[in-house]
Amino acid sequence: RQEESVELPPFGEYATGIFYLDKIHHLASEETFSKIAEECDLKVLCWRTVPTSSAGIGEVARNSEPFMRQVFVVAKKKFNEDELKRQVFFLRKRATHTIPKPGVRFYICSLSLTTIVYKGQFTSDQLWKYFNDLKNPSYDTYLALVHTRFSTNTFPSWERAHPLRVLAHNGEINTLRGNVNLMKAREGVMKSSYIKDLKKLYPVVEPNLSDSGSLDCVLEFLTMAGERNLPEAVMTMVPEAWQNDKTMPQDKRDFYHWSACAMEPWDGPALLTFTDGRYVGAILDRNGLRPSRFYVMKDNIMVMASEVGVFDTDPANVQLKSRLKPGRMLLVDTKEKTMIQDIELKRKIAQSRPHSDWLKQEITMKDLRDATCVTPVVESKPDLIISNGEIKLGEPEAISERDMTRIWGGDRRLSLFSYTIETINMLILPMIRTKKEALGSMGNDAPLACLSQFQPLVYDYFKQLFAQVTNPPIDPFRERIVMSLMCPIGPESNLLEPSSKQCHRLFLPNPILSLVDLRIIKKNTYRGWKTIVIDITFDKEEGPRGLQKTLDRICKEATEAAQGGYQLIVLSDRKAGAERVPASTILALGATHHHLIEERQRMKVGLILETGEAREVHHICVLLGYGADAICPYLVFEMAKSLRQEGVLEAHLTDQLLYQNYCDAMERGIAKVMAKMGISTLQSYKGAQIFEAVGLADEVIDKCFKGTHSRIGGINFEILAKEAYERHHLAYTEKDMIVLRNPGQFHWRSGGEKHINDPVSIANLQEASVSNNKNAYDRFRESTLESVRDCTIRGQLELVPSDKPVDISEVEPASEIVKRFATGAMSFGSISLEAHTTLAIAMNRIGGKSNTGEGGENADRYLNQDPEFSQRSSIKQVASGRFGVTASYLAHADDLQIKMAQGAKPGEGGELPGYKVTEDIAKTRHSVAGVGLISPPPHHDIYSIEDLAELIYDLKCANPNARISVKLVSEVGVGVVASGVAKGKAEHIVISGHDGGTGASSWTGIKSAGLPWELGVAETHQVLVLNNLRSRIVLQADGQIRTGFDIIVAALLGADEFGFSTAPLIVMGCTMMRKCHLNTCPVGIATQDPILRKKV
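In terms of the UniProt record's numbering, the sequence shown opens at residue 1 and continues consecutively.
Put into structure tokens, the structure is as follows:
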């Protein structure tokens, strides 16, 4: 009124909000916004410049400060309150999609009838000083959402401050990429009875948003364009762990079951607070891994916060103190002035529609089997035999005698799909026999896929990402109640109109299909469903160029099938053989999945894979991560039956048991991989693309794996096609291929795949160290450099000599350089006492540092030690199990290292089998001899960067003189995590590579998780510099570091210190037998067997 001489209408009849603009273009932007408002039957009443005071904000924020304008909008014609809200929402989304252009700043913080967002690149204290309006005595509000953050997963900016239009959230949405992709895909099937021109609101999720921004977009869209109110929309997006909860009321369980058919969860540890101006509430994720406390005051005020003590109040005024529990919701209705508890709220929502009746429309495999029994498929060559009501597998698709004789050599498909003796013996047979993944040890020293000489499969180019610091991994076994592999597949109905149509999908208990079930699905006509089989092989006469043509053909056929009314698409490589070359299943799937998303057809079909290529846990996870709905690894099952016939597998293993055992092992493996990223449901993991590619060219990424990081590029379609042809040629030459290849991916083999720790290098290093022989060391350096060139990224670099070398007298002397060296965190328990103390004595003598690992250290090793034979470890590790961590242990350390992840198995915990827990180890770890000891994947007191900062503070209080270190593992984004760790007051950061060693882990973790330290160290150094934090941190590189060349490369990329683990063990006598997990180390290093330990 005073500034613009405008009288505002009553509250609820106008909308207002703050815009970020620039002074050069703001008039043009405002004019365009006014025109769009007119098209929406709205009118801009006036604009005002928001009064601000920038004196108190930071320099970076001041340099990018926007020109802030506040708009007031009214209706041109009569709308009721809900209609006006939707028109205002429509206006904001249209303006957001239309006005921004390169060089023009335009961002709408909010535009609402009831709420207004004040936000920016500053702290919560600075907020009050920055916005002068907030100091006005006339300013009043009946609710407030406040969020302040570390900004550890994105670079901070004014626009990226928390969205707050409808929500604020503390945590991470780990499934974000898949959620966003699927929302884009749903644009092809969504219709709204409230908004006619829905396409003008697409994309629903605006590009380049944080997880909070994306979540905010979808939640607001569901309430504005759909038939859900805010609490129900929140329940749909963030459901409880209903699948395994036997005590949940049936009506609520049916609601969650129905909503799972409509939409996948937005999964990840998160506390969500939300408001639409009327309702204000909060919900905790299904794991409950974020704190949430609330007080209800006697004067009818409720305060909820992530910490106790955020809001000062007289204890006498507190009527109720409580906390949110996993999956539970808290809601206040400001209109009715009541607080609605979780049970009452969800009962009302669950009973609002006939969800239980709707679920009768759901389809199960039993329905399909029964229908197939009732209506058998009759063909000239039936592949289903129905006898006494039972479905039995008939003859497999015609496999010629040339293609199938004996399993070890005659079935040439095994060679065609790169099966090896190791694959069968070390991975598949243990899965079938034990229902578990096989274990390995000593880490991965084989080449990256892009450097392999043995035609790696495309899966091998992908590395699993994992949670560290900013959000926790979860324990898939001890927290099994929140995990679920159940999944609906097939066409999705309109998300915006709740109905029984959402349930018309096939519900699978897990993603692995048996041979029989796949055949049933192929012939399925139940309820009018149709399945099409698309061949993903091509004629060998087409040559390598045939690969891309085939991918284009597959995409075209899949789109036509979706448009033609098919519900299920099976991508099959069954026809692969002497005359036909298979396209890689993951390439065919990725290309099809993304093409269907772009064509808005993905939600109309389910994608099922019939593959001879996939067999390992990592393969299945990559396929699921890039959009597969179900997978039948038919060659595994057919090979297993042949092995049973030959006597390799036990005769009592029926076809059903073979399938079930393999399936059980696969379920455990998939759950473990999901849990690394803090994801609980397969439905959320599917399509989430939680991988980084190493060595794939942009053309491959853009066509098949859009949105996946591939930082170093490299292998293109031409090379992938040539390698496919090489595999085909090897499998179908005229020679009699009697034995499968064994290139030694896991263990070194002569003439096979290169390994960093090959026998020549091991022998040379041991000779050089035992005899102090310089010639032997030169031979070691030469052979190791050759291995490093064959296996690692750093090996592809060449050092360029300077034109002006410095005098040797100016170089840091060797006696000082070695003080930058540290041994890796190998626990007493994983290695023997003799090995552990030897490392400590050696490092103390040269002035370096040894590390206790996570097993603690006996007090007699750090008290009253002879300086020449001191067994004290300078670095004392604090891991998730807290084994051996006492006040004395912490007080006698130079460095205190918080282990957040381990290079060989990031996202997983540690395990020391009971047979390795001797009396000494039990005493050191404050445990019981003979009882297995498990370190959980997360620290149960660290679920966020703020929690880590608290532990850093506590450790500093326990030992003010110690340097606080945090151990991270290389992955894309580790630099931003490291900057958060630096802000948390750590002084030292370790970046471990994927190739670090381990005493025991599944082969999936060893081979397929984490990235090379070269990428992690370079990213961390650069991000710390960009954030002006580099001077606070000492950075250490760790992982298969061997020679001076490795040290120099690490230093050039930004490392200050250097960790060694495997090399010192080799010096002590390790011969890389990889028996650490079996307690049978033949040289006595990684065993607790007293007889074997005498060899050290």
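Heads up, the beta-carbon is just placed ideally off N, CA and C, and yes, glycines get one too.
Might you give, ordered along the chain, the residues of its own chain that have their beta carbon closer than 8 Å to the beta carbon of residue i, omitting 5 neighbours on each side?
| i | result |
| --- | --- |
| ASN229 | THR223, TYR279 |
| ILE1048 | LEU799 |
| ARG439 | As written in the sequence, residue 439 is Leu, which differs from the Arg given in the question. So the list reads ALA1000, SER1001, SER1002, TRP1003, HIS1077, once near-sequence residues are dropped. |
| SER888 | ALA859 |
Would residue i pass as a contact of residue j if the rule is Cβ separation under 8 Å?
| i | j | result |
| --- | --- | --- |
| GLY930 | ASP1038 | no |
| ASN757 | ARG779 | no |
| LEU465 | GLU692 | yes |
| LEU284 | LEU324 | yes |
| PRO906 | GLN468 | yes |
| HIS593 | TYR634 | no |
| ARG1074 | SER441 | yes |
| THR1020 | GLY1044 | no |
| GLY713 | ASP698 | yes |
| PRO945 | GLY984 | Note on residue identity: the sequence assigns Ile, not Pro, to residue 945. Yes; because the gap between Cβ atoms is below 8 Å, this pair is in contact. |
| GLN126 | ALA161 | no |
| TYR953 | LEU740 | no |
| GLU613 | LEU457 | yes |
| GLU437 | ALA640 | no |
| GLU521 | ASP629 | Checking the sequence shown, residue 521 turns out to be Ile, not Glu. Contact: no. |
Under the rule that 16 or more other beta-carbon atoms within 10 Å means buried, what is residue i, buried or exposed?
| i | result |
| --- | --- |
| ASP1046 | buried |
| THR405 | Residue placement at THR405 is flagged as unreliable, the pLDDT there being 36, under the threshold of 50; a coordinate-derived value is accordingly withheld. |
| SER815 | exposed |
| PHE11 | exposed |
| ARG527 | exposed |
| GLN563 | exposed |
| ASN170 | buried |
| ASN287 | buried |
| GLU7 | exposed |
Between residue i and the rest of its own chain, which residues show a CB-CB distance below 6 Å, the 5 nearest in sequence each way excluded?
| i | result |
| --- | --- |
| HIS988 | ARG963, SER965, VAL1034 |
| ASN444 | ASP995, ILE1006, LYS1007 |
| LEU134 | TRP128 |
| GLY277 | THR114, THR115 |
| LEU198 | SER192 |
| MET483 | PRO476, ALA671, SER680 |
For residue i, tell me which candidate among the options has the shortest Cα-Cα distance.
| i | options | result |
| --- | --- | --- |
| GLN453 | GLY695, VAL1017, GLU753 | GLU753 |
| LEU145 | GLU497, ILE116, ASN471, GLN745 | ILE116 |
| VAL166 | THR114, ILE715, GLN1088, ALA651 | THR114 |
| HIS709 | TYR461, ILE24, ILE991 | TYR461 |
| VAL318 | CYS1070, LEU330, MET304, MET329 | MET304 |
| ILE36 | TYR256, PRO430, LYS200, LEU933 | LYS200 |
| GLN601 | ASP573, GLY565, ALA1050 | GLY565 |
| ILE18 | HIS25, ILE24, LEU8, GLU30 | GLU30 |
| ALA842 | PRO1064, PRO430, GLU598 | PRO1064 |
| CYS450 | SER809, GLY590, ASN858, ASP790 | ASP790 |
| ARG92 | ILE631, ALA15, ASP140 | ALA15 |
| LEU624 | GLU599, THR918, THR585 | THR585 |
| THR998 | LEU912, ASP920, LEU1026 | LEU912 |
| ALA1050 | GLN1022, ASN661, ARG794, LYS184 | ARG794 |
| LEU485 | TYR139, ALA260, LYS923, PRO511 | PRO511 |
| ASP251 | VAL1083, PRO265, LEU345, LEU331 | LEU345 |
Looking only at its chain, what residues have a beta carbon closer than 7 Å to the beta carbon of residue i, apart from the 5 residues adjacent to it on each side?
| i | result |
| --- | --- |
| ALA588 | ILE536, LEU551, ILE554, LEU571 |
| LYS463 | PHE691, GLU692, VAL694, HIS994, SER1008, ALA1009, GLY1010, LEU1011 |
| ASN524 | LEU368, THR531 |
| ALA949 | GLY984, LYS985 |
| ASP41 | ALA75, LYS76, LYS77, GLN87 |
| PRO163 | SER212, GLY213, ASP216 |
* Contact the region 74-85 vs the region 104-111: 3+ CB pairs below 8 Å -> The region 74-85 and the region 104-111 do not touch, with fewer than 3 CB-CB distances between them shorter than 8 Å.
* Asked: Are at least three pairs of beta-carbons, each pair with one atom in the region 255-271 and one in the region 169-185, less than 8 Å apart?
  -> yes
* Evaluate contact between the region 818-826 and the region 1056-1072, counting only Cβ atoms and requiring at least three cross-stretch pairs below 8 Å. => yes
* Asked: Do the region 965-985 and the region 889-903 touch if we need at least three Cβ pairs shorter than 8 Å?
  -> yes
* Quick check: the region 846-855 against the region 873-888, are there 3 or more CB pairs under 8 Å? -> yes
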